[in-house]
Amino acid sequence: MTKGLNVIPSNLASLHSGEEELRGRALSIIAGGERLRLHLAIIEAAMDVAGVFRQFDTNDEDIKVVQVLGMRTFNALGASLKLALSGYHQNSALILRDVLETVFLLSLFGGDRTLIRRWRFADKRARRKEFSPVRVREALDARDGFTSKRRADMYDLFSELAGHPTMKSAWMMRPHKDGDAVIGPFMEETALEAVISEMGRLAVQVGEQINAFFPDWPPGLPSRLAFAQLKRDWLSTFYPVARRESP
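In this note's numbering, the protein residues as written are 58 to 304.
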């Protein structure tokens, strides 16, 4: 067993030790913040919805596509959370862009389930024409009557700050707003809160989209009910005015 540990170069072992130390600091920050704990709770609940939906036995190939996309969001949320707690805030946000893109695709499929089959059999050219990230966002905006381009703005923000090597991407490598960028992971409360908050917002959407595909299947009910309760708590905490004004 000891011999196996020697395959890790000393610098990488030291880096891992530092990541684990940062994880402990991150958990201490979260323990002191009720709002951060609520974000973690909704993240777990959304991942559980995806995990339970995966267990539904079906021969419907379209539903299997949704199951795989749900599994993708499960893995992405888990990886993003691990990176955030280890101090890799920019890399965590990069994975969240993948979650955002998958949520948009699920939303498109939820509005017109015939599109799932078209997506399944589309060749590369057809996928680019109908199902590229920008086409999906445009189709959703047209369907919902949105003109503000908020979906595009959110996608662009993730791309600028985390997805592409831009000047703005250096912002997420700075422990302090006016300080220098640093190499390697770091833990700073504002950065952690920003990433976890976006993760929580996306987790709500993940749970909503996957829940819309659930059949009348009793084994899935406990997970769905738990998510629904946490979603109500989350909305009342972060969007109380919108909740009061809703019918």
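The C-beta atom is built at its ideal place from N, Cα and C for all residues, glycine as well.
Remember, predicted model here, so these are calculated numbers, not experimental data.
| Item | Value |
| --- | --- |
| SER280 versus GLU255: straight-line alpha-carbon distance, rounded | 22 Å |
| Three-state secondary structure assigned by DSSP to PHE110 | helix |
| Any 3 or more C-beta pairs closer than 8 Å across the stretch 134-142 and the stretch 166-180 | no |
| Contacting residues, own chain, Cβ-Cβ under 7 Å from ILE87 (five flanking each side not counted) | LEU93, ARG94, LEU97 |
| Burial state of VAL64, where buried means 16 or more other Cβ atoms lie within 10 Å | exposed |
| Pick from PHE243, LEU197, ALA107 that is closest to PRO232, judged by C-alpha positions | PHE243 |
| Inter-stretch contact at 8 Å, needing at least 3 Cβ pairs: the stretch 259-267 / the stretch 155-168 | yes |
| Assigned secondary structure, ARG80 (DSSP; H/G/I helix, E/B strand, else coil) | helix |
| Close beta carbons around GLU246, own chain, < 8 Å, minus the five adjacent residues each side | ILE86 |
| CA-to-CA distance, ARG175 to LYS288, given in whole angstroms | 32 Å |
| CA-to-CA distance, ALA133 to GLY127, given in whole angstroms | 10 Å |
| PHE178 to GLN124 span [Cα, whole Å] | 17 Å |
| Whether VAL191 touches ALA219 by CB criterion (9 Å) | no |
| Contacting residues, own chain, Cβ-Cβ under 7 Å from ASP119 (five flanking each side not counted) | ARG170, ILE173, ARG174 |
| Three-state class that DSSP yields for HIS233 in the structure shown | coil |
| Beta-carbon proximity list for ILE152, same chain, < 6 Å, skipping 5 on both sides | ALA133, ALA136, SER137 |
| Neighbourhood of PHE284 by C-beta distance below 6 Å, restricted to the same chain and skipping five residues each side | ALA102, VAL106, GLY264 |
| Local conformation of GLY257 per DSSP, three classes | helix |
| Where ASN268 falls, given that 16 or more other Cβ within 10 Å makes a residue buried | buried |
| CB of PHE270 within 9 Å of CB of LEU163, strictly | yes |
| DSSP-derived helix/strand/coil call for ILE240 | coil |
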